[in-house]
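Trainee: As you go down the protein sequences, you meet chains W and X in turn. Residue numbers for the first sequence follow our numbering, so the first one is 1 and each next one is one higher. Residue numbers for the second sequence follow our numbering, so the first one is 112 and each next one is one higher. For each residue, glycine too, the CB sits at the ideal point set by N, CA and C. Since we're looking at a predicted model, the values are computed, not measured.
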Amino acid sequence: DVKVTQSSRYLVKRTGEKVFLECVQDMDHENMFWYRQDPGLGLRLIYFSYDVKMKEKGDIPEGYSVSREKKERFSLILESASTNQTSMYLCASSSRTYGYTFGSGTRLTVV
Amino acid sequence: DQQVKQNSPSLSVQEGRISILNCDYTNSMFDYFLWYKKYPAEGPTFLISISSIKDKNEDGRFTVFLNKSAKHLSLHIVPSQPGDSAVYFCAASANTGNQFYFGTGTSLTVIP
Chain W
1 DVKVTQSSRY LVKRTGEKVF LECVQDMDHE NMFWYRQDPG LGLRLIYFSY DVKMKEKGDI
61 PEGYSVSREK KERFSLILES ASTNQTSMYL CASSSRTYGY TFGSGTRLTV V
Chain X
112 DQQVKQNSPS LSVQEGRISI LNCDYTNSMF DYFLWYKKYP AEGPTFLISI SSIKDKNEDG
172 RFTVFLNKSA KHLSLHIVPS QPGDSAVYFC AASANTGNQF YFGTGTSLTV IP
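(1) For chain X, is any of its Cβ atoms less than 7 Å away from the one on residue 74(W)?
(2) Can you tell me which of 176(X), 134(X), 114(X) and 121(X) puts its alpha carbon nearest to the alpha carbon of residue 221(X)?
(3) List, in chain order, every chain W residue whose beta-carbon is nearer than 7 Å to that of residue 210(X).
(4) What residues in its chain sit with their C-beta under 6 Å from that of residue 124(X), if we drop five residues either side in the sequence?
(5) Taking the CB atoms as reference points, tell me whether residue 219(X) and residue 196(X) lie closer together than 7 Å.
(6) At the 7 Å Cβ level, is residue 155(X) part of the contact set with chain W, yes or no?
(7) Here's the rule I'm using: 16 or more other beta-carbon atoms within 10 Å means buried, otherwise exposed. How should residue 36(W) be labelled?
(8) From residue 148(X) to residue 216(X), what does the alpha carbon distance come to, in whole angstroms?
(9) Which one of 57(W), 18(W), 7(W) and 93(W) has the shortest CA to CA distance from residue 82(W)?
Structure representation (structure tokens):
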């Protein structure tokens with residue numbers, strides 16, 4: 001079974017803090033993704049990566065950056081957290097056959 | 112621009128009846144479609160898929176139908192059970208890429 005592990009289930013951060021969300025997958029997938037899920041808006045793609053050191057902007061990259069130094073790890077960085085970044089963050093890795101395997105999600109609250 | 116659309120944000124069904132969740136897409140290059148199920152505070156999990164070479168795929172109580180001419184797919188759950196209550200996302204990809212595009216989700220409630 002592919003496993004995608006997100007380091008935290010729940011996080012509470014203050015406005016202006018730099019926030020790191022970590023994601024690790026164990027199936028040697030090349031593709032990894034960060035989404036956020038908000039009510040009524042579905043899953044919105046923030047950033048994705050097709051290989052180590054490669055990254056591409058998704059639909060809503062503003063206020064975020066990413067890092068992919070190793071194939072199994074894809075980190076999402078909130079440079080200066082704001083209250084409108086309160087959300088559920090989902091990491092995924094993918095294969096063509098089964099689509100995405102998601103992590104359990106990180107519920108981030110920015111106060 | 113939303114390439115995959117789920118126009119019903121919510122659906123309520125009696126236990127034992129059929130649940131039908133709908134999904135429309137606009138990109139004619141999409142050739143692979145999946146449904147995901149998501150419980151609160153968990154990541155989405157893969158439910159069922161269908162390739163564009165087929166018009167139906169069945170897995171137990173779950174059947175996905177694809178109408179390519181209408182650019183429409185639907186997920187049927189028969190019989191519906193209370194444990195099916197969750198948010199369902201459809202997703203689509205084109206054979207040239209690895210990215211899947213998601214709909215906004217439909218929240219299904221199965222009433223005991």
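Mentor: This is what the structure holds:
(1) no
(2) Looking only at 176(X), 134(X), 114(X) and 121(X), the smallest Cα-Cα distance to residue 221(X) is reached by 121(X).
(3) 48
(4) Non-local C-beta neighbours of residue 124(X) in its own chain, meaning closer than 6 Å and more than five positions away in sequence, comprise 130, 191 and 221, ordered along the chain.
(5) yes
(6) It does: the Cβ of residue 155(X) has a partner Cβ on chain W nearer than 7 Å.
(7) buried
(8) 9 Å
(9) 18(W)
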